[in-house]
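**Q** Residue numbers (this note's numbering), protein chains in the order written: chain G, 8 to 520; chain S, 36 to 275.
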Amino acid sequence: MAGAEFKTPELSEFIEVPKLVEGTMEHITCFVAKPDHQEALGFPGEKVENWKEVAIDKMGDLLSRYRSFQVFMDACVKCGSCTDKCHYFLGTQDPKNMPVGRQDLLRKVYRRYFTFAGKYFPKLVGAEDLTEEIIDDWYSYFHQCSQCRRCSVFCPYGIDTAEISMAAREILDSIGVGQKYCNEIIGKVHKIGNNLGLPGPAIENTLEGLEEDVYDETEVAVKYPLDVKGADILLVTPSADFFAEPHVDGLIGYGKVFHEAGVSWTLSTTASEAGNFGMFIGSYENMRRVSLRIRQAALELGVKRIVFGECGHAWRIAYSFLNTLAGPFDFLDPDYPVPQHICEYTLNEIEKGTLELDKSENDEMSITFHDSCNVARASRMGDKPGGQFEIPRKVIKAVVNNYHDMEWDTIHERTYCCGGGGGILTDDLMEVRVKGAKPRMSAFKNVMEEKGVTHLAAICAICKSQFTKVFPYYGMDMFQIVSVHQLVSNAIVMNRKTPPEEAPGYGEDDDEE
Amino acid sequence: MSSVYALLFILATLVLVLGLARKIVQYAKTPAPLKIPTTPAPVTRSGVVMRLFREVVLFESLFKSTKWTWIFSWMFHMGLFLVLARHVRYFIDPVWLPIELIQPFGKYAAFAMIAGLAGLLIRRIFVDRIRYISAPSDYLWLLLLIVIGMSGAMMTFVIHTDVVAVKQFFTGFWTFSGGDLPMDPILLVHLTLVAVLMLLLPFSKLLHIPGVFFSPTRNQVDNPREKRHLVEWARKLEDS
Ligand code: HEM
Ligand code: SF4
Ligand code: SF4
């Protein structure tokens with residue numbers, strides 16, 4: 008419930024597995040999508056009369072279209088291996104936040120309507136009729152899953168609760184009970200081009216402002232181009248990068264890297280958003296529609312390469328799905344992977360020796376790196392498995408002197424979610440976000456105390472926003488979260504000086520305005 | 036009585052084979068529209084084969100997760116595997132060499148199997164998280180397997196049954212010319228429960244056996260940028 012009182016969990020030295028307490032998070036519910044949010048995405052505006060049949064039909068449809076869903080419904084042996092792996096369980100003690108507990112909310116209905124044992128011996132196998140209460144449970148607990156896939160790492164069959172949450176949310180959408188946060192945002196992308204609903208002129212303004220700021224600071228005219236036809240690189244970045252701290256410092260950093268590398272690049276108004284909340288609601292159709300804007304922008308601008316900025320779920324979709332959803336990209340330069348991550352790009356320039364870096368610029372900070380779930384467990388960078396862990400760390404270590412990892416069992420593919428991913432980064436789910444952040448906060452606090460780390464670097468817009476909000480709950484400072492390319496931006500030495508006539512405002516009358 | 040058992044086993048075999056085949060066909064036919072391997076994942080086919088091998092033989096993910104469950108589970112499954120392999124000699128003549136060779140181990144594997152199952156049962160009863168997710172069937176499976184294991188071990192180590200007659204029964208089974216099954220109560224309990232297991236397996240959580248091979252998070256190659264992955268229903272969206 009929005010604004011309700013709750014207690015921030017106490018941090019302990021070790022991440023302990025708590026005792027079960029049933030129902031601690033039962034009261035959680037997020038705002039329901041309004042009819043126009045729903046209809047814009049092709050879902051019924053309000054809860055349909057025959058919701059029960061529609062829900063069961065939708066479940067059947069998804070079972071026949073997604074092997075993951077079908078196999079995951081059948082294969083779970085209730086071994087319990089996943090039960091202590093979810094940050095929401097660890098932070099709330101609610102058994103329905105154990106991955107298998109969450110899955111079972113759907114599985115008990117699956118068994119009842121789609122399996123022999125559940126049809127004839129429901130009690131024996133824990134099958135249940137679909138009721139209003141179960142729908143409420145779905146709405147509550149499938150919006151307490153950040154689709155982080157930590158459970159899937161530890162399940163002997165790789166059962167991924169994220170897939171099941173996506174299916175559940177799609178079923179809920181199909182009966183007219185969607186989530187306001189996600190669905191409103193997807194509507195904005197369809198209509199305006201980005202999650203924040205920033206129109207083209209606003210982006211243009213912001214970018215001009217950035218150019219002036221960077222010029223004031225460095226006396227070098229770094230360009231932040233928009234809709235430039237014929238540029239080599241199309242940069243697709245989360246719209247948070249256009250204005251909020253620390254995101255925008257990352258964007259400044261990308262621009263400086265491109266500038267020093269001497270390549271032509273551009274942003275695009277139609278593809279002014281790397282994020283794609285279509286994934287969070289499990290809708291292939293919406294995810295595809297959002298992805299196609301990127302293809303269209305690349306074609307219209309005639310670019311040769313596509314590079315993605317710092318965003319976790321966006322990178323999952325870019326890396327793992329874009330070729331499927333919006334490919335083939337045979338019109339781009341075949342010498343480069345499509346798409347590339349900005350960290351891959353920057354590391355490559357660092358290794359080529361194009362960039363001069365002064366690590367001491369970051370000396371007042373000591374850094375640790377937060378592996379964002381979608382990057383860590385759902386994508387890759389570079390050409391070797393695990394590149395998604397090495398490449399961002401190599402970039403960071405090239406620009407800072409003080410770096411320490413958090414505990415081994417809280418990073419890499421075992422990383423703990425920030426608590427705000429998967430479509431729950433909304434104020435009406437603040438309690439879930441704060442409690443779910445507990446394991447990550449514990450690990451961060453430990454590395455602060457033991458190694459003197461001061462800042463947490465991340466490559467995900469959702470993580471950055473989430474940490475900005477939840478740090479203060481745990482007695483930390485919101486500015487302790489930084490963008491990786493903010494660190495790059497601090498360290499990069501600007502060697503390509505600007506001829507005076509290229510400086511922003513050159514030739515304009517001083518008292519023009 | 037022997038012909039009742041013959042019928043029961045014919046039925047159980049049919050249900051097991053057809054039931055599993057039906058699920059395997061279903062899994063194989065259901066498309067996986069997106070690349071969702073849990074990363075870091077292998078980037079080649081042979082890497083995926085190795086990953087699945089480690090999952091099936093070593094229970095790699097379970098090992099990463101909880102050592103106790105892993106120990107019990109691995110003891111049970113490897114014990115079961117050896118015991119099953121040992122059983123092959125009741126169905127074929129002459130017996131293959133590898134089956135001959137494991138006989139001495141297979142004999143004691145029953146103990147590993149029972150100990151593993153007992154560990155899993157205790158865990159299920161006493162760990163609050165596991166108890167919460169357990170339905171009656173989850174306990175019953177463990178009990179069923181324990182009783183099968185114990186009755187089998189009884190016959191091997193305590194009250195021997197006429198193994199030659201059992202073998203004659205099963206080798207002649209399909210032609211109803213197998214002769215008579217010895218009417219030992221322990222043997223009959225053992226065989227009845229095995230038939231029950233075979234009859235229920237395709238309708239239960241034991242579908243983890245085919246499931247592990249079809250799990251997209253484990254069996255997909257991590258190469259989405261290099262190779263476009265597109266299933267039929269997704270292709271149709273492109274045409275419209
Ligand atoms: C491809 C072969 C198989 C693999 C890879 C496999 C793997 C696993 C794994 C990893 C578990 C989870 C850990 C646990 O709770 O024990 C499990 C559980 C289980 N397996 Fe298997 N298994 C296989 C074959 C079988 C067979 C042939 C049977 C019985 C006929 C069986 C019966 C069970 C049962 C009853 C459980 C649940 C144990 C419990 O309640 O804790 N499995 N299996
Ligand atoms: S995907 Fe993440 S948030 Fe969801 S159940 Fe699994 S561990 Fe929890
Ligand atoms: S780890 Fe996998 S098989 Fe075990 S209980 Fe969790 S989801 Fe089920």
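Virtual Cβ for every residue (Gly too), placed ideally from N, Cα, C.
This one's a predicted model, so the numbers in the text were calculated from it and none came from an experiment.
1) Going by C-alpha to C-alpha distance, which of G/ALA450, G/SER159, G/LYS401 sits closest to G/CYS425?
2) Which bits of chain G does S/ALA230 rub up against, with CB to CB less than 8 Å?
3) Just checking: is the beta-carbon of G/ILE210 within a distance shorter than 9 Å of some beta-carbon in chain S?
4) Report yes or no: is there a C-beta of chain S within less than 9 Å of the C-beta of G/ARG74?
5) Check the Cβ-Cβ distances between G/GLN5 and every residue of chain S, and say whether any is below 9 Å.
6) Kindly indicate which three-state DSSP category G/GLN151 falls into: helix, strand or coil?
7) Residues of chain S with a CB under 9 Å from the CB of G/THR31: which are they?
8) With DSSP collapsed to three states, give me the class of S/MET233.
9) How would you list, in chain order, the residues of chain G whose beta-carbon sits under 7 Å from the beta-carbon of S/ARG80?
10) Can you pull the chain S residues whose beta carbon is under 8 Å from the beta carbon of G/SER386, in chain order?
11) Is DSSP giving S/LEU115 helix, strand or coil here?
12) Any idea if G/THR475 is buried or exposed, counting beta-carbon neighbours within 10 angstroms, 16 or more meaning buried?
13) Can you give me the start and stop residues for the beta strand (DSSP E) that G/LEU241 sits inside?
14) Identify every run of the alpha helix (DSSP H) within the stretch 92-171 of chain S, keeping only runs that are complete inside it and at least 4 residues long; order them along the chain.
15) Report the partner residues of G/HIS462 according to the DSSP bridge assignment.
16) Give me the DSSP bridge partner(s) of G/TYR343.
17) Applying the 10 Å Cβ sphere with the 16-neighbour rule, what's the burial state of G/HIS34?
18) Counting only beta-carbon atoms, is G/GLU520 nearer than 9 Å to chain S?
19) Mapping DSSP to helix, strand and coil, what is G/SER490?
20) Tell me, please, which residues DSSP counts as bridged to G/ARG1.
21) Counting Cβ pairs, one atom from each stretch, are 3 or more of them under 8 Å apart for the stretch 483-496 of chain G and the stretch 254-272 of chain G?
22) Measure the C-alpha to C-alpha separation of G/ILE499 and G/LYS92 and round it to an integer number of angstroms.
23) Residues of chain S with CB under 9 Å from G/ALA468, in chain order?
24) Suppose you measure from the CA of S/ILE149 to the CA of S/MET218; what does that come to, to the nearest Å?
25) Determine the DSSP secondary structure at G/GLU226, reduced to helix, strand or coil.
26) Give me the Cβ distance between G/VAL382 and G/ILE301, rounded to the nearest whole Å; I'm assuming they're in contact under 8 Å.
27) Tell me whether G/LYS445, by its Cβ, gets closer than 8 Å to a heavy atom of ligand 2.
28) Taking a Cβ distance cut-off of 7 Å, strictly less, list which residues of the stretch 224-253 of chain S are near chain G, in chain order.
29) Beta-carbon of G/LYS85 versus every beta-carbon of chain S: anything under 9 Å?
30) Do G/CYS380 and G/ILE466 have their C-beta atoms within less than 9 Å of each other?
31) Are there any heavy atoms of ligand 2 lying less than 8 Å away from the beta-carbon of G/TYR95, as far as the coordinates show?
32) Would you please state the rounded distance, in angstroms, between the beta carbons of G/ALA385 and G/ARG114? I believe it to be under 8 Å.
33) How about G/LEU339 and G/SER298: are their beta carbons less than 9 Å apart?
34) Is the beta carbon of G/TRP272 less than 9 Å from the beta carbon of G/ASP239?
35) Return helix, strand or coil for G/GLN186, following the three-state DSSP convention.
36) So is the beta-carbon of G/CYS158 under 8 Å away from any non-hydrogen atom of ligand 3?
**A** In short:
1) G/ALA450
2) Under the 8 Å cutoff, chain G gives no residues; its nearest Cβ is about 17 Å from S/ALA230.
3) no
4) yes
5) Only positions 8 to 520 of chain G appear in the structure, and residue 5 of chain G is not among them; the question remains open.
6) coil
7) The premise fails here: G/THR31 is roughly 13 Å from chain S at the closest Cβ pair, so nothing lies under 9 Å.
8) helix
9) The contacting residues do not exist; S/ARG80 stays about 14 Å from chain G at best.
10) The answer, in chain order, is THR74.
11) Assignment of S/LEU115 by DSSP, reduced to helix, strand and coil, places it in the helix class.
12) buried
13) 240-243
14) Segments of the alpha helix (DSSP H) lying fully in the stretch 92-171 of chain S: 95-100, 102-122, 132-161, 163-168.
15) G/ILE374
16) DSSP, once it has assigned bridges, lists no residue as partnering G/TYR343.
17) exposed
18) Confidence at G/GLU520 is low in this model, with a pLDDT of 40, below 50, so its placement is unreliable and no value can be given for it.
19) The answer is strand: DSSP assigns G/SER490 an E or B state.
20) Since the first residue shown for chain G is 8 and the last is 520, residue 1 of chain G is missing from the structure and cannot be characterised.
21) yes
22) Rounded to whole angstroms, the gap between the alpha carbons of G/ILE499 and G/LYS92 is 39 Å.
23) The contacting residues do not exist; G/ALA468 stays about 20 Å from chain S at best.
24) When only Cα atoms are considered, S/ILE149 and S/MET218 end up about 25 Å apart.
25) coil
26) Wrong, their Cβ atoms sit about 18 Å apart, outside the cutoff.
27) no
28) PHE238, SER239, LYS240, LEU242, HIS243, GLY246, VAL247, PHE249, SER250, PRO251, THR252, ARG253
29) When Cβ-Cβ separations below 9 Å define contact, G/LYS85 makes contact with chain S.
30) Between G/CYS380 and G/ILE466, the C-beta spacing is not below 9 Å.
31) yes
32) With 8 Å as the limit, G/ALA385 and G/ARG114 do not qualify as a contact, their Cβ atoms being about 23 Å apart.
33) no
34) Taking 9 Å as the Cβ cut-off, G/TRP272 and G/ASP239 qualify as a contacting pair.
35) strand
36) yes
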